[in-house]
Structures are given as structure tokens and as C-alpha cells.
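Presented below is the structure to which this report refers.
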Ligand SMILES: Cc1cc2nc3c(=O)[nH]c(=O)nc-3n(C[C@H](O)[C@H](O)[C@H](O)COP(=O)(O)OP(=O)(O)OC[C@H]3O[C@@H](n4cnc5c(N)ncnc54)[C@H](O)[C@@H]3O)c2cc1C
Ligand code: FES
Ligand code: FES
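Protein chains in written order, with the numbering used here: chain L, 105 to 478; chain F, 330 to 614.
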């Protein structure tokens, strides 16, 4: 490549080679048909093949601290598909299947990723955390409550992904600036709210976590102080409360999962169980499940435990019949949700009148197109 | 299947040639989800630790193909290879950068691949490892198809010279926030050779090197002094680069067709010229 002329020649060359390669690949796929010998252990991740001859595998996924078996799944299934359709965890949403929208965000070994772009079979020895794992004891996490409270939820489709992204951000950065928050949320598209609510939620949670941590520290200091006569006991009690508050404010990861999971793992109303679902129960929020964290009472019916896993919240969902699950019958009584646009009691006025500002900005200074004539 | 070493992965690929290697999956799974690709077997490269870091070897850095964009964007890496770090930071949203890798970016060879112009400007080489062992190929030969990857080969490492001089990557996109480049420019200074090396990405199927413009501008720089350049020379460099990399726009758009191919080409030329001028300015600042 010596000048524009030769570069262009090389370019054409490359283009033709690419096409040639694609054709070869297509021809390959067509002629190889059913691929390599599935019995050969060296043949990569191939299995015995499904009815259509596509390679299938079985593996264990570790989701929110629980081992979930997946049987006979095609190797090309994305983690999003397996979570939703095979494991009944419908928290992560599918928006684009191309990594663009962020609705399917989950944490994979502590890293925020788009579940639609992860081959599920290769996530078999990773720790997967989904939006269902954010809610401790069936109570929405502080981030989820803040999102709901600050007007970041309208249609709600983006919110599970948004909640994962906010959790991820606040785990790594306890006091994000607005720019950092915008950068962290730039992969989560929301078509309704204009992002101001989500940014407000980040700020609110960062503040409340900092306050809780500070209170815990103060209280701990006071409790250490032996001279402090009568107030001591009171303050010590305060310390315990504050420490608990701080702990609760932390993301719910610290607890050893094993026992807790057996006893009090949150029940997910999202679990899709064909035949059992009679529309959505009252006070059920499609995003957060039961709304008891927001003052409503938990009234949904618990899906039946599947004895083979001895685990109440999950049920190994067989493949739902297409278009049977999740759609309420006509005339089904509509649950009463707290209106998404109305401020909850005690909310600061003014939060809801912020102008919409479009997509998150300021990703990189240099990503702005140069201004005309500059 | 998840091999733990590069050798294992190569053996597995040799044993089942129909298998597809997967690094971060961000390009591959998009194609699978869209029904464009139906893999018969997968070989996950995510557990090969030797590919996930980098090391130094006589004046060069050997980068593992499994380095994620998120890892490359961190400050310790940016101190070594600022332009590559900047490209990695702008390559998509966090969800994608946490998974997407350097190797995947090169093998996909998308015209808008952000690391590609940087590697072209750095004159990086890649190590391809196959059943018969490894071979080193200049990244430009790989991308242009002069020396393509052979069946059964995996991309192991990328060797990048350590120049200890300013390096800039600038990218123009259609919107704020993460998106693919409409045009990008990588520019590195090589003070030892008194050279400026520049590559323009996303305007052609492969990154383009405007060699004449590079040569001309390196003659305009006061290498022994404060490396200053006349602003007019920098602007001329921008025009030179744009003219070399974006084909001459057609005379005018057909009647009544605003924003047609002529207008688009003019705009692209202007974009590239501004990016190149700014990149030079920042490198010499
Ligand atoms: C929403 C979104 C935005 C994006 N934005 C950008 C952007 O702004 N800039 C940009 O440059 N890219 C962008 N990308 C593309 C993508 O993230 C990058 O190209 C990434 O580097 C691909 O790496 P990967 O590890 O995910 O590759 P994979 O998808 O795992 O692999 C891609 C291809 O490379 C092959 N491969 C991977 N590693 C090896 C290896 N070591 N040896 C041999 N073959 C290998 C695979 O077989 C596959 O064919 C974006 C993607 C998405 C989904
Ligand atoms: S569905 Fe995964 S990012 Fe849109
Ligand atoms: S997409 Fe509707 S609330 Fe975000």
C-alpha cells in the first residue's frame, strides 16, 4: 500500500477474498451437513444431536447461587434464551438479540454482559447473576426501589437491565459522577423515560448507601467509646441498627448462599409455568415481581416446587407452548399498579419535571462528529 | 468446550474442523441470533489465561488475543498503548466491552473495527497458531487478505512495538454514546525513526494508510525541538489524508436529491480531514 490508488486496489482484493471465504463457508456448511462425529470427545462442544440433527448438550448453570441443569439445549442458544425459556427466569428481557439495547444485561463472573451474546453452553462454569438475584427475600433492592421511585419506569421493559447496570456501576464506583453514570448506562436503551430518572436513581442510591455507611461508622465509633454513660446502650443499639442498615444497603452478595438459598430464596413471580399461570396476580409488578417492597402485599400464588431440585422458587419450566404463557385472557381483571408517572409520597417535587434529554451523552469526547467547517 | 490452553484449543479445532472458536461472542452470537450462522460445535477461548494478559519482549509488547476491551481501556494499559486503549474504550457499551476481545475484533475484521486502524498505524503483527505451529503475519497482510488465516488456525497474540511517544485515536460516530465509527483516525509518532504513522478506519473495508501524507508531514515537524508544527501544515495534512483515503466525490448530486452520494462523500472527506488534523495536533501538543 503506497498511496490511495494502491490501497484501493488492496481493498478490492480484500473484499473479493472475503466474499470468496463466505461462499466457501456456506458451501462447507451445506456439504458437511450434520457436522462432526458427535461421539468423538475431541469434537468440540457437540452432542448427540436433536431431532433436526443440530448438536445439543446438557450442562449446569449456576444462576444466583443455584445450580440449574439444562438438558438437551442446542449449542447456539444464548444465555438469555436459556434463562427465559428453559429456566423460566424471565427477568432479563430480550430486546434486540444483538447486544444493542441492554435489556438482557446480567452479570457473568461479576462482569456486566449482554446475555443475548453469551453462548449459554460456555457459561457453564461461570457465576451468573440476574435481576432476580438482586431482590433479597422477595424485597426489591435499593436500586430497584430507587428506579421505581424516581420515575425511571414507564413501560418498564428496560428496567431489569437498567437495574443490573446500576448495581454493577455502584459495586465498582460508590460515588459516580453524572458523566460516569451516563457512561455506565450508555448500553441500556430506554425508549420511554429519557434517562433522567435512572440518573436520579443512581444518585439517590449512592447517597443513601453513603449515609448508611457513615451512620454505621459513627455508631460503631460511639459504641467503642466506653465513657459514654447512659447514652452508650442506646447508641450501641443504634449501631446495630445502622450496621444492619448499611449491610442491607450493600448489594446482597455477602451472605453465603448455600443455606440461605434452601430456606428463604426469594420466590420469583416471573417464573413462567405453563398451565399454572392464570394471568398476573394483584400487586404483581412485571418488573420486580411482588410489590411488597413498595407497600403492597404479597398475594401471588407460589409456583409449585419441583421436587428434583428441592427448591421452591424455581421450577424447571418445560418449553412453554408458543403464545400460551404470559398473556392475560380478555376480560382479565387488571391489577392496580401505582401509577408509574405519579410521584410517590414524600418525593421531592421537581424531579418529574426535568426535561427529557435523549440518549446518554458524553460517552467520549472524541466520539462527537466534527462540527461543520471546524 | 472450554480448553484451558492455546495448545488444547488448537488440538480441539484440528479434531473438529467444523467447530467455531468463540472469544467474547459479541460478534459471533449476533450472527447466530440473526440466523446467519449455525455452529456445529463451539470452542470457547474464554478460559485460556495465557491469552488474557500481555508481556514485554525486546521492545515490543505481546498482547493476548483474549484481552477484553474493558481490560485494554484501563489506565495501566493506556499508559503503554494510549491509542489502543482509547479505541477499546470507545468500542461499544460496557456490556459489550466487558466481553469483546482484541482477537475477536481482528478476526471479525469489520470495516468499523476500532482497534484495526490503531494496529495498522502501529504496524503490529499477529501470531497465528495452527497444528503446524505458529507464524507471524503483519496485521495489514491479514486484513487485506494477502496472507489470510488458514483453516485450523487461531489468533494467539498481537505484537505491538513500544514507541514511548504520543499516540492518538479519534472516532466520529453518528450519535453520542457508543456506536460504530463513521470514520476513525489513529496516529502514532515514532520519534526514533522521525516518522508519523497514520491509519484511517471505517471508510473502506480495511484501514487505509496514507503513506505519502505521512512522509510529507514528518518532514514538517521539528523533531529536535518541541515537535511543533505550523497549524496550516496540520490542516493541509488533514486534507491530504482525506484526499488519499476517501475517493473523489462525484461532481454534484442529481437534481432534487439532497444529501445524496456527492454530499455524503464531501462530508466524509471533511470528517476524515478534521479527525486527522486534530489527531496530529493532539499528538504534537
Ligand atoms: C452493541 C455492539 C456494539 C459494538 N460496537 C463496536 C465498536 O464501536 N467498535 C468495534 O470495533 N466493535 C464493536 N462491536 C463489535 C465487537 O464487540 C468487537 O468486534 C469485539 O472485539 C469482538 O470480539 P469477541 O471476542 O466478542 O469476538 P467473537 O464474537 O467471540 O468472535 C468473532 C469472530 O472471531 C473469531 N475469533 C475470535 N477470537 C479468535 C481467536 N483468538 N482466534 C481465531 N478466531 C477467533 C470467532 O470465531 C468469530 O468468528 C460492537 C458489538 C456490539 C454487539
Ligand atoms: S437483547 Fe441483549 S442487548 Fe438487546
Ligand atoms: S423502555 Fe420503557 S421504561 Fe425504559
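Every residue gets a Cβ at the ideal spot worked out from N, C-alpha and C, and that includes glycine.
Pop quiz: residue i and residue j are said to be a contact at Cβ under 8 Å. What is the actual Cβ separation, rounded to whole angstroms?
i	j	result
residue 341/F	residue 369/F	With a Cβ gap of about 13 Å, residue 341/F and residue 369/F do not count as contacting.
residue 393/F	residue 426/F	Contact flag wrong, Cβ pair sits at about 16 Å.
residue 515/F	residue 501/F	About 13 Å; that fails the 8 Å criterion.
residue 490/F	residue 451/F	6 Å
residue 371/F	residue 225/L	7 Å
residue 443/F	residue 420/F	5 Å
residue 277/L	residue 209/L	The Cβ separation is near 17 Å, so there is no contact.
residue 339/F	residue 374/F	Going by Cβ atoms, the distance from residue 339/F to residue 374/F rounds to 11 Å, so no, they are not a contact pair.
residue 441/F	residue 510/F	5 Å
residue 309/L	residue 246/L	5 Å
residue 365/F	residue 435/F	About 20 Å; that fails the 8 Å criterion.
residue 582/F	residue 571/F	Incorrect: roughly 19 Å between the Cβ atoms, too far for contact.
With 16 as the cutoff for other CB atoms within 10 Å, does residue i come out buried or exposed?
i	result
residue 290/L	buried
residue 496/L	This structure cannot speak to residue 496/L, because chain L is shown only from 105 to 478.
residue 287/L	buried
residue 538/F	buried
residue 378/F	exposed
residue 336/F	exposed
residue 607/F	buried
residue 585/F	exposed
residue 387/F	exposed
residue 175/L	exposed
residue 569/F	buried
residue 311/L	exposed
residue 554/F	exposed
residue 363/F	exposed
residue 181/L	buried
residue 599/F	buried
residue 171/L	exposed
residue 271/L	buried
residue 534/F	buried
residue 281/L	exposed
residue 325/L	exposed
Under 8 Å Cβ to Cβ from residue i, same chain only, skipping five residues before and after it: list those, please.
i	result
residue 428/F	353, 354, 355, 397
residue 543/F	524, 525, 526, 527
residue 186/L	165, 174, 177, 224
residue 197/L	207, 208, 261, 262, 264, 265
residue 488/L	A question about residue 488/L goes unanswered here, because the residues of chain L that appear run from 105 up to 478.
residue 492/F	451, 517, 518, 519, 520, 521
Please work out which residues of its chain come closer than 7 Å, Cβ to Cβ, to residue i, disregarding the five sequence neighbours upstream and downstream, and give them in chain order.
i	result
residue 203/L	218, 220, 221
residue 595/F	578
residue 466/F	454, 455, 457, 476
residue 541/F	573
residue 611/F	497
residue 268/L	209, 210, 211, 216, 235
residue 603/F	567
residue 545/F	569
Suppose the cutoff is 6 Å on Cβ atoms and the five residues either side in sequence are ignored; what does the same chain contact list for residue i look like?
i	result
residue 281/F	No statement about residue 281/F is possible, as the shown extent of chain F runs from 330 to 614 and does not include it.
residue 305/L	250, 251, 254, 256
residue 231/L	166, 213
residue 513/F	446, 500, 530, 531
residue 333/F	376
residue 470/F	476
residue 563/F	606, 609, 610
residue 294/L	262
residue 617/F	Since the first residue shown for chain F is 330 and the last is 614, residue 617/F is missing from the structure and cannot be characterised.
residue 382/F	393
residue 495/F	518, 612
residue 297/L	256, 258
residue 411/L	Only weak support is given to the placement of residue 411/L: the predicted model assigns it a pLDDT of 41, under 50, and the value that follows is read from those uncertain coordinates. Within the same chain, residue 411/L has no close Cβ partners at all.
residue 331/F	373, 376
Whose Cβ in chain C lies nearer than 7 Å to the Cβ of residue i?
i	result
residue 182/L	The question asks about chain C, but that chain is absent: this structure's protein chains are L and F.
For residue i, is the beta carbon positioned less than 7 Å from some heavy atom of ligand 4?
i	result
residue 434/F	Ligands displayed in this structure: ligand 1, ligand 2 and ligand 3; ligand 4 is not among them.
field: Completely contained beta strand (DSSP E) runs for the segment 178–252 of chain L, where each covers 3 or more residues
entry: Whole beta strand (DSSP E) segments, 3+ residues: 209–212, 215–218, 231–233.
- request: Can you check the segment 550–597 of chain F for any alpha helix (DSSP H) of at least 4 residues that lies completely inside it and give the ranges in chain order?
  value: Considered as a whole, the segment 550–597 of chain F harbours 560–574 as its complete alpha helix (DSSP H) runs of no fewer than 4 residues, in chain order.
message: To test your reading of the DSSP string, which unbroken alpha helix (DSSP H) runs of 4 or more residues are found completely within the segment 363–432 of chain F?
response: Taking 4 residues as the minimum length, the alpha helix (DSSP H) runs contained wholly in the segment 363–432 of chain F are 398–401, 404–409, 411–418, 423–426, in order along the chain.
message: As an exercise, report each continuous beta strand (DSSP E) stretch of at least 3 residues that is fully enclosed by the segment 446–482 of chain F, in chain order.
response: With a minimum length of 3 residues, the unbroken runs of beta strand (DSSP E) contained wholly in the segment 446–482 of chain F fall at 454–459, 462–467.
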